[in-house]
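Structure record follows, encoded as structure tokens.
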Amino acid sequence: MTMPLEIITVPCLSDNYAFLLHAPGSGMTALVDAPEAAPIKAELDKRGWGLDFVLLTHHHPDHIDAVDELREIYKPSVVGAEADAHRLPQLDVSVKEGTAYSLLGEDVQVIEVPGHTVGHIAFYLPKSNAVFTADSLMALGCGRLFEGSAAQMWQSLGKLAALPAETMVYSGHEYTQANGAFALTIEPGNSALQARVADIAKARANGVATVPSSLSLEISTNPFLRADRHEVKQAIGMEGIDSEEVFTEIRKRKDRF
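Under the numbering used here, think of the first position of the sequence shown as 279, with each following residue one higher.
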């Protein structure tokens, strides 16, 4: 029987997260996103692990800047979006939605999630019950629309929301407390959201990461996933309006928040 992957959250820069995935059986290790080499190397050294794979979600510097340094030290295979190969570090494996890819003995589903950038991808590992979403679906939020449209992001979030509710969402930043403050302006009466915001305040006061979070928790509290809910439309005065338009309005409000 294959042992489950060990997943380690690695804080990087001021508010980024990278993730190490380790297979105890084979001893092989993968990294999702590479914001900063030093903390990643420190975590690997502490655990006596090498680095065999680097998976990249999108091209922004705070997700790829450490790739070359890590490649020089560990010689990992670098995996990223075929559509973004021209602006990612040199890829050893190019993937797109529908690509059959295996990592550390597990099947990986590549999900194209444009919005934050047009070439953003997420990696879903059904066996490990984990999805690595970076700056698409985030804890209590979603990424800013730097390149893609609101329509693209709404469709991307719909793909992620359709995953099993127990899936753990590994997103790319510690923005959760600020996202919670905004979410309360949309749904001040949401008791699940109120409880989550209180839990987040305690966690951050103790220096505890709020990532990962469960998809079920996001569905019950994240306003960007809830733009199709009657109670959300009612709360912001958009009853009867198309859900994509409601999402667009919520994203605009967050940009001004």
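We put the CB at the ideal spot given by N, CA and C, even for glycine.
Between the beta-carbon of MET446 and that of ALA408 there is about 5 angstroms, and that keeps the pair under the 8 angstroms contact cut. Within a 10 Å sphere around the beta-carbon of ASP533 sit fewer than 16 other beta-carbons, which makes this residue exposed. Straight-line measurement puts the Cα of GLU523 at about 31 angstroms from the Cα of VAL373. Secondary structure at GLY436: helix, using DSSP grouped into helix, strand and coil. Taken in chain order, the unbroken stretches of beta strand (DSSP E) that lie wholly in the stretch 432 to 491 and span 3 residues or more are 446 to 449. A buried status is given to SER491, since no fewer than 16 other beta-carbon atoms sit within 10 Å of its beta-carbon.
A straight line joining the alpha-carbon of ALA429 with that of ARG325 spans about 43 angstroms. Taken in chain order, the unbroken stretches of beta strand (DSSP E) that lie wholly in the stretch 317 to 345 and span 3 residues or more are 331 to 333. Close CB contacts of SER449 within its chain, under the 7 angstroms cut and outside five residues either way in sequence, are with THR411, ALA412, LEU415, MET416, ALA417 and VAL489 (chain order).
Inter-segment contact for the stretch 472 to 480 and the stretch 422 to 440 is absent: fewer than three beta-carbon pairs are separated by less than 8 angstroms. Closest option to GLN387, judged by alpha-carbon separation, among PRO404, SER427 and LYS319: PRO404.
A straight line joining the alpha-carbon of GLU509 with that of THR335 spans about 33 angstroms. The shortest CA-to-CA distance from THR526 to any of ASN484, GLY421 and GLU444 is the one to GLY421.
Residue state for ALA378 is assigned as strand, using DSSP reduced to three classes. The residues ASN407, SER492, LEU493 and SER494, in chain order, have a CB closer than 8 angstroms to that of GLU444 in the same chain once the five nearest residues on each side in sequence are set aside.
Between SER304 and GLY518, the alpha-carbon positions lie close to 54 angstroms from each other. Annotation: the continuous alpha helix (DSSP H) that includes GLU522 extends over 521 to 534.
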